[in-house]
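Participant: Chains as they are written, first to last, in my numbering: chain L, 1 to 545; chain U, 1001 to 1545.
2 protein chains.
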Amino acid sequence: MKIALAQINVIIGDFEGNTAKIINYIKQAEQRGADMIVFPELATTGYPPRDFLEFKDFIDKAEESIEQIKNVTQNIAVVIGTPSVNPVIEGKDLYNSVVFLYQGQELYRQHKTLLPTYDIFDEARYFEEATHWQIVQFKGKNIALTVCEDLWNIGNENPLYTINPMEKLMPQQPDLIINVSASPFDYTHAKERIKVLRENVKQYGIPLIYVNHTGAQTDIIFDGGSLAIGANQKVFKELTYFVETMEIVDLEQLQSNQTNAEQAKDKIPLIHDALVLGIKDYFGKIGFKTAVLGLSGGLDSAVTTVLATEALGKDNVRVLLMPSQFSSDHSIKDAKDLAENLGIRYDIVPIQSVFDSYMEQLTPLFEGRGFDVTEENIQARIRGNLLMAISNKFGNILLNTSNKSEMSVGYGTLYGDLAGGLSVIADVYKTEVYDLAKYINRHKEIIPINTITKPPSAELRPGQKDSDSLPDYNILDSILYHYIEGQQGPKEIIALGYDKALVERILKMVNRNEFKRHQTAPVLRVSPKAFGMGRRMPIVAKYLE
Amino acid sequence: MKIALAQINVIIGDFEGNTAKIINYIKQAEQRGADMIVFPELATTGYPPRDFLEFKDFIDKAEESIEQIKNVTQNIAVVIGTPSVNPVIEGKDLYNSVVFLYQGQELYRQHKTLLPTYDIFDEARYFEEATHWQIVQFKGKNIALTVCEDLWNIGNENPLYTINPMEKLMPQQPDLIINVSASPFDYTHAKERIKVLRENVKQYGIPLIYVNHTGAQTDIIFDGGSLAIGANQKVFKELTYFVETMEIVDLEQLQSNQTNAEQAKDKIPLIHDALVLGIKDYFGKIGFKTAVLGLSGGLDSAVTTVLATEALGKDNVRVLLMPSQFSSDHSIKDAKDLAENLGIRYDIVPIQSVFDSYMEQLTPLFEGRGFDVTEENIQARIRGNLLMAISNKFGNILLNTSNKSEMSVGYGTLYGDLAGGLSVIADVYKTEVYDLAKYINRHKEIIPINTITKPPSAELRPGQKDSDSLPDYNILDSILYHYIEGQQGPKEIIALGYDKALVERILKMVNRNEFKRHQTAPVLRVSPKAFGMGRRMPIVAKYLE
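1) Check each residue of the region 386–411 of chain L: if its Cβ is closer than 9 Å to any Cβ of chain U, include it; give the result in chain order.
2) I want to see whether chain L comes within less than 7 Å of M1359(U), judged by CB atoms only; does it?
3) Using a Cβ-Cβ distance under 7 Å, would F366(L) count as near chain U?
4) Considering only their Cβ atoms, is the gap separating D329(L) from P448(L) smaller than 7 Å?
5) Reducing DSSP to helix, strand and coil, say where P1462(U) ends up.
6) Report the start-end ranges of each beta strand (DSSP E) in the region 1136–1222 of chain U that is 3 residues or longer and not cut off at the edges.
7) When the Cβ atoms of the region 1412–1421 of chain U are set against those of the region 1377–1393 of chain U, are three or more pairs found closer than 8 Å?
8) The region 1524–1544 of chain U: which residues have C-beta closer than 8 Å to a C-beta of chain L, in chain order?
9) Which residues mark the beginning and the end of the alpha helix (DSSP H) in which H1482(U) is found?
10) Identify, in the order they occur along the chain, each residue of the same chain with its Cβ nearer than 8 Å to the Cβ of R1512(U), setting aside the five sequence neighbours on each side.
11) Answer yes or no: do A291(L) and L312(L) have a C-beta to C-beta separation smaller than 7 Å?
12) With a threshold of 16 other CB atoms inside 10 Å of the CB of I89(L), please say whether the residue is buried or exposed.
13) Consider the Cβ of N377(L): report whether some Cβ of chain U lies at a distance smaller than 7 Å.
14) Quick check: the Cα distance between L321(L) and R1369(U), rounded to an integer number of angstroms?
15) Considering only their Cβ atoms, is the gap separating D1186(U) from V1510(U) smaller than 7 Å?
16) Do the region 136–154 of chain L and the region 197–204 of chain L meet, that is, are 3 or more Cβ pairs less than 8 Å apart?
17) Look at the Cβ atom of K542(L), then the Cβ atom of R535(L), and state whether they are nearer than 7 Å.
18) From I209(L), N385(L), V373(L), pick the residue whose C-alpha is nearest to that of I1390(U); which is it?
19) Just the chain U side, please: which residues come within less than 8 Å of V373(L) by C-beta, in chain order?
20) Could you give the DSSP three-state label for H132(L): helix, strand or coil?
21) With 16 other CB atoms within 10 Å as the buried threshold, where does A132(L) fall?
22) With burial defined as no fewer than 16 other Cβ atoms inside 10 Å of the residue's Cβ, what is the status of Q1258(U): buried or exposed?
23) What are the residues of the region 16–30 of chain L that lie near chain U, defined by any Cβ-Cβ distance shorter than 8 Å?
24) Does chain U have any CB closer than 7 Å to the CB of K285(L)?
25) S1296(U): buried (16+ other C-beta within 10 angstroms of its C-beta) or exposed?
26) What is the DSSP secondary structure of T1082(U), counted as helix, strand or coil?
27) Let me check understanding here. Comparing Cα to Cα, which of Q255(L), Q519(L), V180(L) lies closest to Q233(L)?
28) Could you tell me how far apart the beta carbons of Y241(L) and D219(L) are, in whole angstroms, since I believe they sit closer than 8 Å?
29) Looking only at its chain, what residues have a beta carbon closer than 6 Å to the beta carbon of V317(L), apart from the 5 residues adjacent to it on each side?
30) Check distances from the C-beta atoms of the region 1508–1522 of chain U to those of chain L and list, in chain order, the residues that come in under 7 Å.
31) Is it true that the CB of Q1217(U) sits closer than 7 Å to the CB of I1012(U)?
32) Which parts of the region 1341–1374 of chain U are runs of the beta strand (DSSP E), unbroken and 3 residues or longer, counting only runs that do not cross its ends?
33) Answer yes if the region 76–83 of chain L comes into contact with the region 94–109 of chain L, meaning at least three C-beta pairs across the two stretches below 8 Å, and no otherwise.
34) So with CB distances below 9 Å, who are the chain L contacts of L1362(U)?
35) Is it buried or exposed for R32(L), if we count other Cβ within 10 angstroms and need 16 for buried?
36) Which residues in the same chain have their Cβ closer than 6 Å to the Cβ of Y1161(U), if we skip the five residues on either side of it in sequence?
In structure tokens form, the structure reads like this:
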């Protein structure tokens, strides 16, 4: 039996476009001799559709898509994820389902059992869990249909669920597991996914077909990495990361395969590719083409500009250099060098005269108080305003260049350097931004070496350096990682050997600055714990403050 | 038996302060002869603690609070909500529990069964549901302990749950239901709450004690309204809305009571009081005293300034009047009149010169393009920057004055008039803002009549009026209400008789402007569907666009 794995990139709620894409792949797969084609979880709607799921109209449209898709299944079976109405009055109104279509008929609809409700996932908000499990018979094979998390309650030291749908299906003697997924990327995920899926194959002794989304949905990036794994636990096929693609797998070959076909999973290249796709899809899916950024001569804006140029093309990225009296000579030169290396348009807009005009109005109100963070913030906000003016006038999207270290501790100005439509590297710690810069420069010097080697500075007052107010980034990032990704408390982090006062100071900064993160752009998610829907913190609180 | 209802206002994660407050009320209740005192749900931690619950340190601290509280229960029983560790490895790590403490002992811990996971609630993210139900015997009474939602699966046409904890407890013949709650305010809630609790009393034929939080936790406001209802369904006591208070109820009196003691539940006064408390607690709980606002002469900033003055006092509110060339003469006069009526400080800061300095820098980059929304936004952002400068220099919090109608359709400038630390009226439609203004003026003219009667305008270009780009607010708000609160789709709204093109245009505006709402301040929640955690929408999508 030949099975097509359709690793597609859809747009949330674009029923017309998504359905057309799905039908197109079905026809291609049929022409190429496939017996069956498998699409990802909630392929009709895109993932995550969030509260659109609460609109009857939205669910009706998804069901209309399934009706249209059913009509092209005369000669090929289609396995696809879509939401279903729960006909029982009690409980949540929907199921998260996988549908088996063949010869114009719906043969079976299996609902998802394990509903992830942690990090970015909210499935218990919308869906009722399955209470019925049944295999589908197709061309002499017994097929166990599962949806994403259904296979993840295995080999886990702290299982999240008290039930396991495969245990319900095994008595019906399946020959093959199919898993339709919406399993978002983070730099640990590809490894973890193969490990978990292999454990299923080992446990149940049958091959597995896994199909994931690719593409970015605002902040959440899907890497694809769809898989065919033989009963011998060898990876026969792993679909290319971060691209929409379809591949056809012969079940007989899958069974006899003896070598692993896996892609490299190095952290920095994965993050790089994810961010480029994240930018590309954010623009493409809302119909924008061009970006504007502020280029300071520093590392963060340099890396973000390179990523934007890779995603959008050099003719679609422009930058403003906005020096003030506190800018060092090398800043302008480093920024110019980068723009020239990339071949992108740059304009120089000094901010001194605008700053002076603000101070003329404000000085009488400042009652003789001296230069403080207020004047630093005014400069940052003038730059934000200039960038937004270019954005508004020419229909560019402003890209935000803040990194995760400064977002964590609140080292940034709301409506100033924290402005922008999309935060590109705010899930990348400063130490990782250095690694990204080195990776970008692996073949030749794109980012000026001086940008990488000089001490980081916001250049908002004379001689300012990040190290004036923050610890060394190696130590800062490490403490932040334990607190944010590791969800460890102060006692646990101090027990690892970090200075008590420093740990307490940093954790307090993180908690106190939740109000800033609440007002920043969506953050492209590349780590297991990014700012955004995956990390929900009170703003007004007194914990660790 | 005398039972104290302790309707308290705690700070999330402030274990020291919360525990001290709880122990203080226990001692007061004991002195006043109470046999038992009841506190709200998760009283040790505050509600909602969100992802703090995922930190072991946080849960340990909550349990330490319970240990300290246990020590003062020699002569009085304490019923209190707190999180518990789930000792079973499978499933979520926590329970949401109510603990019964007496004579230094923990007599029983009942876990919550029904875990709300909709709107602002995320309880399935953290908690496992109860599988064991047991009454507590105390001084000859059998007491059924329940947590909030546990009593809400009754009399509902579309029940969210397949289980009902009271049905599990009834065979043990309870004499009294106690419900510890964290039930947030919206203008429909007080009525609905009494209705649901009465239905429980009717169904089970026993009296009920209900204790709720009061106070605001960032955007979520608790109104209290704690209740004692006799077996005859009469409300014996309803604790004062929006204040921290304790009252002692004699169970014998409760049984013999024949009249209802309920407070008025008129929508606009409730919203007014909720917003004042919301401002007060936002400032008080993070240790700020003073607010700054931009006063335009228009309705929204006028109403917000009055609310801020009520919450913080006239010496703690200051406003900037920031006229441009497009400001009408009456704007400055109306704004001055209001500031003088309230006795608050105002300063006039014209923005023309700052605007000119921006244009001097930007004109060469604008390539001869004419005046458009860019120049409008620059003005709004200059005002945002001036307000933030005052905020930074003097430690004031900038209050945002956007209303729900404009937030819905994106009629506002990011980093400009959408700036601020807290959105005061962004859950109040424009038509309701008029009602609030009339309510504020019920005894005398505080808000100048001209502010209420003149046509709304952003005054960002010559002769601009809201009605140039938006339909009449009566129609707009009505369509928005059906879409946002009613969660009705375009077909359903058009079927109500609204113009098809208009409905489609408005829904498209709402969906397209999700990116702006993503970057705005927390919105004080007063309706059943506010912007924020209760309404989770994709930013990049093509649904109804």
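Heads up, the beta-carbon is just placed ideally off N, CA and C, and yes, glycines get one too.
Facilitator: On the basis of the supplied data:
1) L386, M388, A389, I390, S391, N392, K393, F394
2) no
3) yes
4) no
5) coil
6) 1136–1138, 1141–1147, 1176–1180, 1208–1211, 1214–1217
7) yes
8) M1533, R1535, R1536, M1537, P1538, I1539, V1540, A1541, K1542, Y1543, L1544
9) 1473–1484
10) G1410, E1545
11) yes
12) exposed
13) yes
14) 22 Å
15) no
16) yes
17) no
18) V373(L)
19) N1392
20) coil
21) Here residue 132(L) turns out to be His, not Ala, going by the sequence shown. Exposed.
22) exposed
23) G17
24) yes
25) buried
26) strand
27) Q255(L)
28) Rounded, the Cβ-Cβ distance is 18 Å, inconsistent with contact.
29) A291, A308, T309, I344
30) F1515, H1518, Q1519, T1520, A1521, P1522
31) yes
32) 1345–1348
33) yes
34) V349, L386, A389, I390, K393
35) exposed
36) L1114, N1153
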